[in-house]
Amino acid sequence: MEQKAEQERICVGVKYLKSEMDVKTWNDLDLSPGVLTTIQELGFESLTPVQATCIPIFLSKKDVAVEAVTGSGKTLAFLIPIFEILLKYAPFRKLDVGAIIISPTRELAAQTAEIVDMFLKHIPEFTSILLIGGESVTKDISKILENGANIIIATPGRLADLFNHTQTLKLAAYVKTLEVLILDEADRLLDMGFEKTINTILGYLPKQRLTGLFSATQTKEMEDLIRAGMRNPVCISVKQKGSNIQKMPTTLSNFYMVCDAEKKLSILLWFLMSKAASKNMVFFSTCASVNYFSCILKQIIPEHVPVISIHGQMKKKRHKIFAEFKNYARGVLLCTDVMARGVDIPDVEWVIQFDPPSCTSSFVHRCGRTARIGKTGNALVMLLPNEETFINFLEVNQKVKLENMEAPSKVNDITPKIKQLASKNREIYEKGLRAFVSFIRFYTKHECNLLFRVKDLDIGKLANGYALLKLPRMPELKKKIPPNFKPMNLKFDEIPYLDKHREKQRQIQLKEFQENPKKRKGLSEKKEEYLKMKKQKEKKLLAKKRKRRAFLYSEKDLDEIARDARLVKKFKKGKISKEEFYAQFIIDEDEDNS
1 MEQKAEQERI CVGVKYLKSE MDVKTWNDLD LSPGVLTTIQ ELGFESLTPV
51 QATCIPIFLS KKDVAVEAVT GSGKTLAFLI PIFEILLKYA PFRKLDVGAI
101 IISPTRELAA QTAEIVDMFL KHIPEFTSIL LIGGESVTKD ISKILENGAN
151 IIIATPGRLA DLFNHTQTLK LAAYVKTLEV LILDEADRLL DMGFEKTINT
201 ILGYLPKQRL TGLFSATQTK EMEDLIRAGM RNPVCISVKQ KGSNIQKMPT
251 TLSNFYMVCD AEKKLSILLW FLMSKAASKN MVFFSTCASV NYFSCILKQI
301 IPEHVPVISI HGQMKKKRHK IFAEFKNYAR GVLLCTDVMA RGVDIPDVEW
351 VIQFDPPSCT SSFVHRCGRT ARIGKTGNAL VMLLPNEETF INFLEVNQKV
401 KLENMEAPSK VNDITPKIKQ LASKNREIYE KGLRAFVSFI RFYTKHECNL
451 LFRVKDLDIG KLANGYALLK LPRMPELKKK IPPNFKPMNL KFDEIPYLDK
501 HREKQRQIQL KEFQENPKKR KGLSEKKEEY LKMKKQKEKK LLAKKRKRRA
551 FLYSEKDLDE IARDARLVKK FKKGKISKEE FYAQFIIDED EDNS
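For the sequence shown, full-length UniProt numbering assigns the number 1 to the initial residue and increments by one for each residue that follows.
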C-alpha cells in the first residue's frame, strides 16, 4: 500500500510509472520502414529506458509527462511517436499543422530540427519549419506559406508572435489539424518565464490532441502545467537503477579542484592545453566573463585549437556558432548556462565549470553536456578556497559525489602577459573590468548566499587572477581596499582601442571632456538631482503610510497614548511617585473596562 501511495504522489488523476523494459528492440514497436531506416542512420542499435517506456504509451494515444536523466535520448522518445501518429492521419495539406515542438532555446530547437530533417529524408510526405527568431517575422511567414509547415519546431516567443499576425498568417486556423504537442525541457520553459506565453499558445490549440511534456525535473509549477495542458496523462519517471533520485549518467566521472584565485586562470589554460586533442566546454557565470576570457584565450591558445564563445546576448550569431562547434573534432567552447540544458554536442570529453553555477540544479545540467546516451565523459568544477563547502552541499542536495583533483603546484603564470595585452588594447582592459564587476554581482545574487558571500572573497587575489590593471568603481568595493592588489602605474586614459574608428571616436569624446569639464560635472549634477528627487519621493510615500496608519486609531486611542506618555515622563523626572504612577494606570484600565 505504501509503495502504491508513493507511485501516485504527483497529482490527483495522474498515473505515475517507473521505467519498465517491456520493449526490448526497435522491431518490438512495429514501426514504419522510414522511421526504422532513420533510427539505423542515427546509430541507435537499442532503446534507452526512456524510449522503451515512453514510445509504446505515447503510441497508445495517451498524454505523457516524462521525467528522465539528462542525455537519456528523450528527443527520439517523442519524434518517433510524432511520425508514426502523423503517418496514420496522412495525407496532410500543405498548411495543415500536425505537430508542434516547443523548445526553450534556439540551440535546442535547431538541434531538434536537424533530427526531424533526417526523418523527412525517408518520410517525404511531410514538411517541417524551424521558427526561432534571428530573422524577421515576415520571412518566417513567407517560408510557412511557400513551403508548408506540417511539423513546427519553435521557441515560445516566436510561435506566440506568429499567432498574433492574423492579417498575413492564419496560423490559428492551420493548427486545427494538430495531433501532437511537445513541450521539450518543460521545466526550463517555466524557469525562463515562458508560463504565460505557453498558456497563450495552448489557447489557440485544439483540446483533442496528444501532449508530451519532457523534462529533467518535476516541480510544483510543472504539476500545474500538467493539470492545465494535459488530459489524464501518464507520468513516467525514468531513474537510474537503485536510486530514487534522478541524477547524472553513470558513465560520467565528476571531479572538483580547489584553486587559488590568482592561479585559477593559469590552471584553466594548463588544463585546456593538456586536453587540446579533445572537444571541451567551459562554463562561466556571466556573458561579460565569456566575452573577456574568450578574448584572452584566443590570443594565448595556439591556432590549431579553436576557441569560440556563446552566450544569451548573442541573438543572431548563436545558431551559427553552435553548428560550427558541433562539427569540430577538437576545440574549446566558452559559454554561459544558455548551453546547460538539452543541447546535444557530440563527443564532448570535458565539461569545466570555471565559475560555480547560480543554482544546484544547473550543476547537474552543465555536467550533462558530456557522457550523453551511454558514452563516457568527465566534468570538473573549479572552486576558490572559500567555496569548498559547496562540495558537501552538492552531495546532500543533489546526491552528487565528486572526486578531488589536486591543483598543480606549479603552472606558468599567464597574468603578466594578459596585463601586457590589456595595457596596449583598451578592449581587453574594459572587458576585464566588466567581467570582474559582473562576477562580483553574480556572487551577491547567488541562490546559495550562505556559501557564496562577497565578504569571504579575497578581492585583491581575485583581481590579480582576472589580470586587472586597476580595480573598478563599484558599491561592493567601497569599504574594501585589498592590501594584496597593486594597480599598474599607467595613464589609463591613454590606453587605445586597436580599432582605428573606435579609437578616433574615443579621442573626440576625450577632447570634449578636457575642453568642457562642465559636461562631466553636469552628469554628476543630474545624478544628484535624481537622487534628491528619489529621496523626496520616498519621504512622501513614508508620510502617506504614516497618515494611513493614523486613521487606524480613533481620537480617544490617540489621547490615551499621549496621556500614558506624559505619565511615563513625569515618573522618570520624579514628579510623581511609583505608587501614584501605578495608581493612575489602574484608574485608566478601570475606565476602559467600565
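Backbone N, C-alpha and C fix where the C-beta goes; we use that ideal spot for every residue, glycine too.
Reduced DSSP category for Cys259 - H, G, I as helix; E, B as strand; rest coil:
coil
Closest by C-alpha distance to Cys259, when choosing among Ile141, Lys410 and Val568:
Lys410
Report yes if the CB atom of Arg158 is closer than 8 Å to the CB atom of Gly133, and no otherwise.
yes
Worksheet entry | heavy atom of the ligand ZN below 7 Å from Ile508 C-beta | With respect to the ligand ZN, the structure offers nothing, as it holds no ligand at all.
Self-check item: For Ala186, three-class secondary structure by DSSP
Solution: helix
Task: Straight-line Cα distance separating Glu223 from Asp63 - done: 14 Å
Is Val238 near Thr53, with beta carbons less than 8 Å apart? yes
Exercise. Assuming Val351 contacts Arg330 under a Cβ cut-off of 8 Å, what Cβ separation, rounded to an integer in Å, is found between them?
Worked result: Contact flag wrong, Cβ pair sits at about 15 Å.
Proximal residues to Asn397 (C-beta, below 8 Å), its chain only, five neighbours per side dropped
Thr360
Whether or not the region 175-190 and the region 98-112 are in contact is what I'm after, with contact meaning three or more pairs of Cβ atoms, one per stretch, closer than 8 Å; do they touch? yes
Practice problem: Note the first and the last residue of the continuous beta strand (DSSP E) segment covering Ala99. | Solution: Ala99 to Ile102
**Study point:** Cα-Cα separation, Leu171 to His165
**Key:** Approximately 8 Å, taken between the alpha carbons.
Q.
I need the DSSP call for Leu402, collapsed to helix, strand or coil.
A. coil
| Where does Val35 fall in DSSP's three states? | helix
Could you tell me how far apart the beta carbons of Ala435 and Ser289 are, in whole angstroms, since I believe they sit closer than 8 Å? 5 Å
Requested in this report: Grab the span of the alpha helix (DSSP H) containing Ile440 for me, first residue to last.
Outcome: Arg426 to Thr444
Notebook entry, point to check: When you compare only the Cα positions, how much space is there between Gly242 and Glu135?
Noted result: The predicted model places Gly242 with a pLDDT of 46, which falls under 50 and marks its position as unreliable, so this point remains unresolved.
Practice item. Please report how far the alpha carbon of Ile300 lies from the alpha carbon of Gln40, in whole angstroms. Key: 42 Å
Subject >> Three-state secondary structure assigned by DSSP to Lys121 >> reply: Helix, per DSSP.
Quiz item: When the distance is taken between beta carbons, is Ile153 closer than 8 Å to Ser103?
Solution: Going by C-beta atoms, Ser103 is nearer than 8 Å to Ile153.
- Query: Which class does Gln505 belong to by DSSP, given the choice of helix, strand or coil?
  - Reply: In the three-state reduction of the DSSP assignment, Gln505 falls in the helix class, which pools H, G and I.
With 16 other CB atoms within 10 Å as the buried threshold, where does Val307 fall?
-> Buried, by the Cβ-count rule.
| task | Could you work out which residue in Glu580, Lys461, Ala65 and Val282 is closest to Pro385 when comparing CA atoms only? | result | For Pro385, the nearest C-alpha among the options comes from Lys461.
Q: Output the distance between the C-alpha atoms of Ser128 and Phe78, rounded to the nearest integer angstrom.
A: Approximately 15 Å between the Cα atoms of the pair.
### Through-space distance from Leu269 to Ile414, alpha-carbon basis
Using only the alpha carbons, I get a separation of about 9 Å.
- Message: Whole angstroms are fine: how far does the CA of Asn150 sit from the CA of Gln167?
- Response: 21 Å
**Item:** Cα-Cα separation, Pro483 to Met474
**Value:** 17 Å
Worksheet entry | As assigned by DSSP and simplified to three states, the class of Tyr489 | For the sequence presented, residue 489 should be read as Asn rather than Tyr. Looking at Asn489 - three-state DSSP - the assignment turns out to be coil, as it is neither helix nor strand.
**Asked** Would DSSP call Ile495 helix, strand or coil?
**Response** coil
- Query: Among residues of its own chain, excluding the 5 on either side of Ser438, which ones have a beta-carbon nearer than 7 Å to its beta-carbon?
  - Reply: Excluding positions up to five away in sequence, the list reads Thr286, Ala288 and Ser289.
Open item on the list: Within the continuous beta strand (DSSP E) that includes Ser237, where are the two ends?
Closed with: Val234 to Val238
What do you reckon, are the CB atoms on Thr370 and Ala379 nearer than 8 Å?
yes
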